[in-house]
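Asks: First residue of the sequence shown: 2, per the working numbering; consecutive thereafter.
Even for Gly, the Cβ is constructed at its ideal location relative to N, Cα and C.
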Amino acid sequence: ALIVETGTKLAAQIKRGDLTMPDDDVMADMYLLVDQLCEAHGFTWYELSNWSKPQHECAHNIAYWQNKQWWGLGPGAHSHIDGKRFWNVKHPTAYKQRLFSGESVVADSETLTQIDIDVERIMLGIRMREGLEISTLSSQQMALLEGFRADGHLELLDGRVVLTPTGRLIADRIVREITI
2 ALIVETGTKL AAQIKRGDLT MPDDDVMADM YLLVDQLCEA HGFTWYELSN WSKPQHECAH
62 NIAYWQNKQW WGLGPGAHSH IDGKRFWNVK HPTAYKQRLF SGESVVADSE TLTQIDIDVE
122 RIMLGIRMRE GLEISTLSSQ QMALLEGFRA DGHLELLDGR VVLTPTGRLI ADRIVREITI
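#1: State yes or no: is the C-beta of Leu155 within less than 8 angstroms of the C-beta of Leu146?
#2: Got a sec? Which residues, its chain only, sit under 8 angstroms from Asp109 by beta carbon, not counting five neighbours each side?
#3: Out of Glu178, Leu100, Arg130, which has the shortest C-alpha to C-alpha gap to Asn51?
#4: Note the first and the last residue of the continuous alpha helix (DSSP H) segment covering Trp72.
#5: Alpha carbon to alpha carbon, what distance is there between Ser140 and Lys91?
#6: Quick one: Cα of Gln142 to Cα of Leu158, how far?
#7: With Ser110 as the anchor, note down where its beta strand (DSSP E) starts and where it stops.
#8: Out of curiosity, what's the CA-to-CA distance linking Gln70 and Thr7?
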C-alpha cells in the first residue's frame, strides 16, 4: 500500500482535499497491471517495487536489500558499516559548517541487535525475486508460511521462499506473521 510521509507535498495535498488516497484494491490492481506491462516490455521485477531489463538491476539498492556495507556521503546520507548505521546531519549549511570546522557530520547512529538483523534479513530478503533462503528460517516460521503457500501467495523454489504476484501485494503482512 502507498504510505504517505508526513511533511511531503503529497501529504499536504491529501490533507487539503486536493487529492484522495486510492482504495487498497485499486492500488493492488494498479500494481498488478504495472507488473504485467513491465513484463510485456522486457522488464522483470527484481525487488517488490523495482523492475529492470535483465542485468540492469540497481546495484546501489541491492546493496541495501542484501544488508551489505555502504558509505553515504553528503547531507542526510546514511551509512551501514560493521552492523552500525549512522546518518549525517540533514541541513546542507550545518553539514558544511561541521565539515569545515573539523567536527563530525554524523547526526546519530544505531547498532543493530541480532533480532534487528534477523528481522531485516527476512523483511528485505523476501522482497527480492530470488526470495529468502529456507535454511535461514525456523520450523515455526516455515509452518506459519504454509498457509500463504496454500493460498498461492508464495512458492518454495530451489530452497527459497519466493513471493508470487499476489504475495507481493501482502509482503508486509507475511513478514509480520513470521517475525512477531
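Replies: Judging by the given coordinates:
#1: yes
#2: Phe87, Trp88
#3: Arg130
#4: Note, Trp72: premise wrong, no alpha helix (DSSP H); not H, not E.
#5: 43 angstroms
#6: 17 angstroms
#7: 107-112
#8: 29 angstroms
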